[in-house]
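A.B. asks: Below you will find the structure I want to go over with you.
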Amino acid sequence: KELGGTIIALLRSLSSSIIQNVLATTVLASLASAVMIPAALLQLTNVIDNLWTIAVERADEAGVELAKALIQRIEHGGDTRPVTLIGYSVGARVIVSCLRELVRIISVSS
402 KELGGTIIAL
412 LRSLSSSIIQ
422 NVLATTVLAS
432 LASAVMIPAA
442 LLQLTNVIDN
452 LWTIAVERAD
462 EAGVELAKAL
472 IQRIEHGGDT
482 RPVTLIGYSV
492 GARVIVSCLR
502 ELVRIISVSS
């Protein structure tokens, strides 16, 4: 009778341990997947951020070149007709960069 009680207690302990391990693995698996999704999204934002940074840098460079072209148009061709610059998103960034460069060029030459 004592041996049977000891075996039953051992089996209960073993089954309790197995259940705890299964639950822990399941809970940790859920937590791991809950953490992995935001980590993947963070990696995606790094890619998007890099693409945006590249687009902004190229827009700034294009704005400087546009300013130089507008200045050359006046200096070499004598063309003083008004120019209208229209853009949105990255195109607006080109225009802002162009205007900043025009102000810088005009202030240096004055």
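Heads up: take any position in the sequence shown, counting from 1, add 401, and you land on this note's numbering.
Every residue, glycine too, gets a C-beta built ideally from N, C-alpha and C.
From A456 to V491, what distance separates their C-alpha atoms?
C.D. replies: Their backbone Cα atoms lie some 7 Å apart in a straight line.
A.B. asks: Does the Cβ of R482 have 16 or more other Cβ atoms within 10 Å, making it buried, or fewer, making it exposed?
C.D. replies: The residue is exposed, with fewer than 16 neighbouring Cβ atoms inside 10 Å.
A.B. asks: Should L467 go down as buried or exposed, given a rule of 16 or more other Cβ atoms within 10 Å for buried?
C.D. replies: So L467 ends up on the buried side.
A.B. asks: Within a Cβ cutoff of 6 Å, which residues of the same chain sit near A463, ignoring the five residues on either side of it in sequence?
C.D. replies: If we look at A463 and ignore the five residues flanking it on each side, its Cβ neighbours are V495.
A.B. asks: Are S508 and D461 closer than 7 Å when you measure CB to CB?
C.D. replies: Against a cut-off of 7 Å, the Cβ pair of D461 and S508 comes out as no contact.
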